[in-house]
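Numbering (the numbering used here), first residue to last: 13 to 129.
Working notes for the structure below.
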Amino acid sequence: MNDAFFAAGKEWELGPDWLGQRCGAKTRKGTPCQNPAMKGKARCRNHGGKSTGAQTAAGLAKLSALHWKHGRCTKAAKAETKRRAQIGREIRSELRDIERDAIASGTLAKDWRDQFK
Ligand SMILES: [Zn+2]
13 MNDAFFAAGK EWELGPDWLG QRCGAKTRKG TPCQNPAMKG KARCRNHGGK STGAQTAAGL
73 AKLSALHWKH GRCTKAAKAE TKRRAQIGRE IRSELRDIER DAIASGTLAK DWRDQFK
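Structure representation (structure tokens):
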């Protein structure tokens with residue numbers, strides 16, 4: 013009877029050969045949790061799979077503050093970087109135009125850069 017019982021257990025739907033997503037949270041024993049993860053989640057119902065995450069504005073702000081490192085990747089910082097890059101492009105373009113005009117009018121020699129080598 014016992015053999016039949018364990019044989020039946022080996023054919024359990026979520027047994028060791030199950031290919032689905034496992035939870036993997038660290039258990040008190042130190043081993044990864046082997047429960048099936050909840051649909052669309054990485055954790056089982058016991059290890060935060062039921063959590064919907066922060067919902068309120070205060071909760072979201074707290075979460076954002078927890079993950080804040082230096083602010084270089086914030087939307088504002090990225091926009092500022094883009095703005096500065098655009099200004100640089102405009103200045104270089106203007107300098108190219110000035111150089112082209114100066115060379116065309118003969119104020120600047122065509123090989124004027126060579127004297128700085
Ligand atoms: Zn788990």
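Even for Gly, the Cβ is constructed at its ideal location relative to N, Cα and C.
Since we're looking at a predicted model, the values are computed, not measured.
| Query | Result |
| --- | --- |
| CB of residue 111 within 8 Å of CB of residue 120, strictly | yes |
| Candidates 95, 62 and 96: closest to residue 52 by CA position | 62 |
| Start-to-end residues for the alpha helix (DSSP H) that takes in residue 69 | 69 to 78 |
| CB of residue 54 within 8 Å of CB of residue 45, strictly | no |
| Any non-hydrogen atom of ligand 1 closer than 7 Å to residue 37 Cβ | yes |
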